[in-house]
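The sequence shown begins at 10 in our numbering and counts up by one. Structure record follows, encoded as structure tokens.
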Amino acid sequence: MGSESNVRPEIAKLRKLIEEAKLGGGLKAIEKQHAKGKLTARERLELLYDPGTFIETDMFVTHRATEFGMDKKKAFGDGVVTGYGKVNGRTVVSIAQDFTFMGGSLGEMHALKMVKAMKLALSIGVPVVFLNDSGGARIQEGVDSLKGYGEVFYMNVHSSGVIPQIAAIMGPSAGGAVYSPALMDFIIMVDKTSFMFITGPRVVKAVVGEEVDEYNLGGAVVHASKSGVAHFVAKDDKEAIELIKKLLSYLPSNNMEPPPRMETGDDPLRSDSYLDNIVPEDPQKPYDMKEVINRVFDRNTFFEVHKDYAKNAVVGFARLNGWVVGVVANQPNYLSGALDINASDKIARFVRFLDAFNIPIITLMDVPGFIPGTYQEHNGIIRHGAKIIYAYAEATAPEITVITRKAYGGSYIAMGSRHLGADFVVAWPMAEIAVMGPQGAAEIIWRKELAAAKTPEEREELLRKLANEYKEKIANPYVAASRGYIDAVIEPSQTRPLLVSVLETLLTKREVRVRTPPKKHGNMPV
Ligand code: HXC
Numbered sequence: 010m011g012s013e014s015n016v017r018p019e020i021a022k023l024r025k026l027i028e029e030a031k032l033g034g035g036l037k038a039i040e041k042q043h044a045k046g047k048l049t050a051r052e053r054l055e056l057l058y059d060p061g062t063f064i065e066t067d068m069f070v071t072h073r074a075t076e077f078g079m080d081k082k083k084a085f086g087d088g089v090v091t092g093y094g095k096v097n098g099r100t101v102v103s104i105a106q107d108f109t110f111m112g113g114s115l116g117e118m119h120a121l122k123m124v125k126a127m128k129l130a131l132s133i134g135v136p137v138v139f140l141n142d143s144g145g146a147r148i149q150e151g152v153d154s155l156k157g158y159g160e161v162f163y164m165n166v167h168s169s170g171v172i173p174q175i176a177a178i179m180g181p182s183a184g185g186a187v188y189s190p191a192l193m194d195f196i197i198m199v200d201k202t203s204f205m206f207i208t209g210p211r212v213v214k215a216v217v218g219e220e221v222d223e224y225n226l227g228g229a230v231v232h233a234s235k236s237g238v239a240h241f242v243a244k245d246d247k248e249a250i251e252l253i254k255k256l257l258s259y260l261p262s263n264n265m266e267p268p269p270r271m272e273t274g275d276d277p278l279r280s281d282s283y284l285d286n287i288v289p290e291d292p293q294k295p296y297d298m299k300e301v302i303n304r305v306f307d308r309n310t311f312f313e314v315h316k317d318y319a320k321n322a323v324v325g326f327a328r329l330n331g332w333v334v335g336v337v338a339n340q341p342n343y344l345s346g347a348l349d350i351n352a353s354d355k356i357a358r359f360v361r362f363l364d365a366f367n368i369p370i371i372t373l374m375d376v377p378g379f380i381p382g383t384y385q386e387h388n389g390i391i392r393h394g395a396k397i398i399y400a401y402a403e404a405t406a407p408e409i410t411v412i413t414r415k416a417y418g419g420s421y422i423a424m425g426s427r428h429l430g431a432d433f434v435v436a437w438p439m440a441e442i443a444v445m446g447p448q449g450a451a452e453i454i455w456r457k458e459l460a461a462a463k464t465p466e467e468r469e470e471l472l473r474k475l476a477n478e479y480k481e482k483i484a485n486p487y488v489a490a491s492r493g494y495i496d497a498v499i500e501p502s503q504t505r506p507l508l509v510s511v512l513e514t515l516l517t518k519r520e521v522r523v524r525t526p527p528k529k530h531g532n533m534p535v
């Protein structure tokens with residue numbers, strides 16, 4: 010590179026243009042962005058990529074619109090920065106909207122850049138990361154911006170299940186624009202500075218008369234805990250980028266490759282006697298399934314997804330002897346771990362993601378059933394619960410299920426049972442595998458005998474005796490084991506070494522060896 014004084018004029022011009030392009034919508038707009046507590050698109054990318062590896066594409070693209078003063082508004086890049094580089098040594102494509110130019114609004118050329126980057130990611134088989142910060146469809150460009158959104162959605166759908174797609178919402182995301190993140194695999198929202206909604210507070214007030222601000226309508230906490238739209242919340246832009254990097258460390262680059270294995274230093278043969286007593290003797294008492302997860306999988310590797318949504322189910326990534334696995338569990342600590350509409354959606358969605366990328370699915374089952382009542386029935390627990398069954402039955406990735414305690418009725422079948430295709434099922438000796446709990450079963454089978462009891466105490470005593478008899482004969486792991494529905498009954502302390510062994514045995518399982526009848530695609534209940 011020549012010094013400034015003897016540099017060729019063409020090169021000097023190029024350098025000047027690059028400097029101009031890097032300013033996006035200009036210094037004033039950058040200041041405004043910082044004042045809101047947000048980083049610019051380029052600052053975010055700098056945090057994401059390994060130093061010096063990001064290669065920007067289409068830096069000099071500008072819009073073509075001339076109406077409504079657009080001929081006077083022009084900036085290189087058209088409000089979006091695209092490119093590729095290395096994140097912890099692995100190639101990742103990114104699309105970062107630049108709010109400093111026209112609020113990151115999406116016009117024809119802005120969308121064209123996005124689609125081009127998405128096509129690159131798909132063709133080379135690498136994850137695509139979207140850093141969304143946009144006022145939505147560029148109003149001045151009318152149908153051209155709608156066409157742009159349509160093409161982005163089309164690419165989202167066709168990339169689905171081939172390459173991981175991650176969206177970080179780092180500013181506004183309103184109107185139909187929310188559907189691009191919604192079509193992706195994971196959404197991270199930055200608390201306080203991001204929001205997602207179909208219509209903003211003003212329209213909400215005009216149409217339904219409700220008074221609500223942006224934060225309570227579509228802020229990060231709302232979407233992470235109530236709607237389930239967001240999988241993660243970050244306190245600021247920096248933390249959002251860290252979450253993206255962490256998530257990427259568990260994901261394969263595409264559906265033909267395994268996720269990266271990592272040495273964790275945890276002994277694969279480590280047993281844990283604490284687990285022998287984690288299940289309370291009284292089956293009505295809860296315990297924390299996350300404690301089981303933290304003790305069974307490699308230490309400090311559990312990365313929970315959808316942490317604040319449908320807490321009666323727990324899903325997330327973990328490592329087992331360094332291999333990436335997906336963990337799906339019931340949480341006896343919350344609603345007794347019973348399944349409801351939201352837990353069904355959460356589980357089904359995660360199982361489908363894991364299967365699409367052939368990530369082994371390890372299910373920890375302690376489930377008393379589906380939550381009863383008019384709210385659940387009227388809102389479609391039948392339709393939503395069916396999604397879990399569909400997802401597990403459809404899955405061909407390695408599937409291992411551990412029954413820690415309750416495995417009742419339809420929920421037993423749904424939660425990764427052998428009957429839906431699990432490859433290996435183990436039970437702890439305190440497992441209760443039956444149509445329903447022993448007490449409920451005794452009350453139905455021996456209704457007449459119980460009614461004949463002379464005092465409530467006598468009835469109580471008889472019920473306890475009959476429930477024990479039911480448990481002894483039916484609600485235990487040994488009946489299922491005698492039929493081969495479960496492969497082993499193990500001491501809880503031995504769960505980790507067994508899972509490592511089973512997982513490593515199943516790693517050579519391949520979809521091509523699992524026969525399914527030819528069809529276009531099934532009709533998953535949605
Ligand atoms: C054109 C836009 C724009 C848009 C923002 N700007 N949104 N320009 N089209 N959609 C411009 C502003 O005019 C302003 O330009 C600059 O971006 C920064 O915006 P501010 O309003 O100053 O920023 P802020 O106060 O942070 O407010 C951000 C905002 C607000 C909440 C996003 O700008 C807003 O409400 N914009 C309109 C949002 C909207 O209705 N979009 C359409 C959604 S429907 P200057 O020149 O003053 O700096 C949609 C349909 C998609 O997207 C359909 C897909 C199928």
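Backbone N, C-alpha and C fix where the C-beta goes; we use that ideal spot for every residue, glycine too.
So does G184 have its beta carbon nearer than 6 Å to some heavy atom of the ligand HXC? For the purposes of this step, residue 184 is taken as residue 175 along the sequence shown, with counting starting at 1. Correct: G184 has its Cβ closer than 6 Å to the ligand HXC.
Expressed to the nearest angstrom, what Euclidean distance is found between the alpha-carbon atoms of S169 and K457? Start at 1 with the first residue of the sequence shown, and residue 169 comes out as number 160. Start at 1 with the first residue of the sequence shown, and residue 457 comes out as number 448. Rounded to the nearest angstrom, the two C-alpha atoms are 56 Å apart.
Label R358 either buried or exposed according to how many other C-beta atoms from any shown protein chain fall within 10 Å of its C-beta, with 16 as the threshold for buried. Position 349 of the sequence shown, counted from the start, is the residue given in the question as residue 358. Classification of R358: buried, given that the 10 Å Cβ count is 16 or more.
Comparing the CB of R147 with every heavy atom of the ligand HXC, is any distance shorter than 6 Å? On the sequence shown, residue 147 is found 138 positions in, with the first residue counted as 1. At a threshold of 6 Å, R147 counts as near the ligand HXC, since its beta carbon sits closer than that to one of the ligand's heavy atoms.
Here's a check: name, in chain order, each residue in its chain whose Cβ is nearer than 8 Å to the Cβ of G98, leaving out the five neighbours to either side. Taking the first residue of the sequence shown as 1, we reach residue 98 at position 89. So the qualifying residues of the chain are D59.
Using a threshold of 6 Å, is the CB atom of Y112 nearer than that to any non-hydrogen atom of the ligand HXC? Here residue 112 is taken as the residue at index 103 of the sequence shown, counted from 1. A small correction: the amino acid at residue 112 is Gly; Tyr does not occupy that position in the sequence shown. Yes - the ligand HXC has a heavy atom lying nearer than 6 Å to the Cβ of G112.
What does the Cβ neighbour count give for M10, buried or exposed, with the cut at 16 atoms within 10 Å? Residue mapping note: residue 10 aligns to position 1 of the sequence shown, counting from 1. Because the pLDDT at M10 is just 49, under 50, the model does not fix this residue reliably, and the value given afterwards should be weighed accordingly. Looking at its Cβ environment, which holds fewer than 16 other Cβ atoms inside 10 Å, M10 is exposed.
6 Å Cβ shell around R494 - same chain, five flanking residues per side excluded: Locating residue 494 in the sequence shown gives position 485, where the first residue counts as 1. According to the sequence displayed, residue 494 carries Tyr and not Arg. Result list for Y494: R427, in chain order.
In chain order, what residues of the same chain have a beta carbon less than 7 Å from the beta carbon of L256, not counting five sequence neighbours either side? Here residue 256 is taken as the residue at index 247 of the sequence shown, counted from 1. Correct list, in chain order: I175, F195.
Who does V106 pair with in a DSSP beta bridge? Your numbering for residue 106 matches position 97 in the sequence shown. Strictly speaking, residue 106 in this sequence is Gln, with Val absent from that position. For Q106, which the question treats as bridged, DSSP gives the partners V89.
Per DSSP, cross-strand counterpart(s) of M205: Translated into the one-based positions of the sequence shown, residue 205 becomes position 196. M205 is bridged to S182.
With C-beta atoms as the reference, is N388 less than 7 Å away from I350? Translated into the one-based positions of the sequence shown, residue 388 becomes position 379. Translated into the one-based positions of the sequence shown, residue 350 becomes position 341. Going by C-beta atoms, N388 is nearer than 7 Å to I350.
Take H72 as the anchor and find which of I104, E28, L121, V323 has the nearest alpha-carbon. On the sequence shown, residue 72 is found 63 positions in, with the first residue counted as 1. Of the candidates I104, E28, L121, V323, the one whose C-alpha sits nearest the C-alpha of H72 is L121.
Is the region 219-230 close to the region 272-292, with three or more CB pairs under 8 Å? no
Where DSSP assigns a beta bridge to E313, which residues make up the other side? Start at 1 with the first residue of the sequence shown, and residue 313 comes out as number 304. In the DSSP output, where bridge partners are listed per residue, E313 has G325.
Following a CB-centred definition, is P190 positioned closer than 6 Å to any heavy atom of the ligand HXC? Your numbering for residue 190 matches position 181 in the sequence shown. No, since every heavy atom of the ligand HXC falls outside the 6 Å radius drawn around the Cβ of P190.
I believe R414 touches M445 by the beta-carbon criterion, under 8 Å. Please report the beta-carbon distance rounded to the nearest angstrom. Within the sequence shown, the letter at position 405 stands for residue 414. Within the sequence shown, the letter at position 436 stands for residue 445. Going by Cβ atoms, the distance from R414 to M445 rounds to 14 Å, so no, they are not a contact pair.
With a threshold of 6 Å, establish whether the CB of G542 neighbours any heavy atom of the ligand HXC. Because the chain spans 10 through 535 in this model, residue 542 falls outside it and cannot be assessed.
Once you ignore the five residues that flank P268 on each side, which residues in its own chain have a CB closer than 7 Å to its CB? Walking along the sequence shown from the start, residue 268 turns up at place 259. So the qualifying residues of the chain are Y259, L260, P261, V333, I368.
With respect to the beta strand (DSSP E) encompassing Y417, which residues constitute its N-terminal and C-terminal limits? In the sequence shown, counting from the first residue as 1, residue 417 sits at position 408. Y417 -> beta strand (DSSP E) spans 408-417.
With DSSP collapsed to three states, give me the class of T405. Position 396 of the sequence shown holds residue 405. Correct three-state label for T405: coil.
Any idea if T517 is buried or exposed, counting beta-carbon neighbours within 10 angstroms, 16 or more meaning buried? Against the sequence shown, residue 517 aligns to sequence position 508. When all chains shown are included, T517 counts as exposed.
Apply the 10 Å Cβ neighbour rule to L36 and answer buried if 16 or more other Cβ atoms are within range, or exposed otherwise. The count along the sequence shown starts at 1 and reaches residue 36 at position 27. By the neighbour-count rule (16 or more Cβ atoms within 10 Å), L36 is not buried but exposed.
Cβ separation of V2 and A327, assumed to be a contact under 8 Å, to the nearest whole Å: Look at the range of the chain in this structure, 10 to 535, and you will see that residue 2 is not part of it.
Go ahead and pull the three-state DSSP assignment for G46. As a position in the sequence shown, residue 46 is number 37, starting the count at 1. Looking at G46 - three-state DSSP - the assignment turns out to be coil, as it is neither helix nor strand.
How about Y224: is its Cβ closer than 6 Å to a heavy atom in the ligand HXC? For this step, residue 224 is matched to residue 215 along the sequence shown. No.
Spatial neighbours of R51 within its chain, please: C-beta separation below 7 Å, excluding the five flanking residues on both sides. Taking the first residue of the sequence shown as 1, we reach residue 51 at position 42. Result list for R51: K31, V90, in chain order.
Compare the beta carbon distance of I197 and A183 with 7 Å and say whether it is the shorter of the two. Numbered from 1 along the sequence shown, position 188 holds the residue referred to as residue 197. Numbered from 1 along the sequence shown, position 174 holds the residue referred to as residue 183. In this structure, A183 does not lie closer than 7 Å to I197 by Cβ.
Shorter than 6 Å, the distance from the beta carbon of Y163 to the closest heavy atom of the ligand HXC, or not? What you label residue 163 is simply residue 154 of the sequence shown in a count that begins at 1. Y163: no, Cβ never under 6 Å from the ligand HXC.
By DSSP's criteria, W332 is part of a beta bridge. Which residues make up the other side? As a working note, residue 332 is residue 323 in the sequence shown. By DSSP's assignment, W332 forms a beta bridge with L329.
Output the distance between the C-alpha atoms of L284 and V301, rounded to the nearest integer angstrom. The count along the sequence shown starts at 1 and reaches residue 284 at position 275. The count along the sequence shown starts at 1 and reaches residue 301 at position 292. Distance between the alpha carbons of L284 and V301 is about 7 Å.
So, for E65: in the same chain, excluding its five sequence neighbours on each side, which residues have a beta-carbon less than 8 Å away from its beta-carbon? Translated into positions along the sequence shown, residue 65 becomes position 56. Here the set comprises V90, T91, G92.
Is P210 a contact residue of the ligand HXC, with contact defined as CB to any heavy atom under 6 Å? Locating residue 210 in the sequence shown gives position 201, where the first residue counts as 1. Result no, Cβ not under 6 Å from the ligand HXC.
Say yes only if the C-beta of P181 is nearer than 6 Å to one or more non-hydrogen atoms of the ligand HXC, and no if none qualify. In the sequence shown, counting from the first residue as 1, residue 181 sits at position 172. Within the cutoff, so yes.
T66: first and last residue of the uninterrupted beta strand (DSSP E) it sits in: Mapped onto the sequence shown, residue 66 falls at position 57. That run of the beta strand (DSSP E) goes 64-66.
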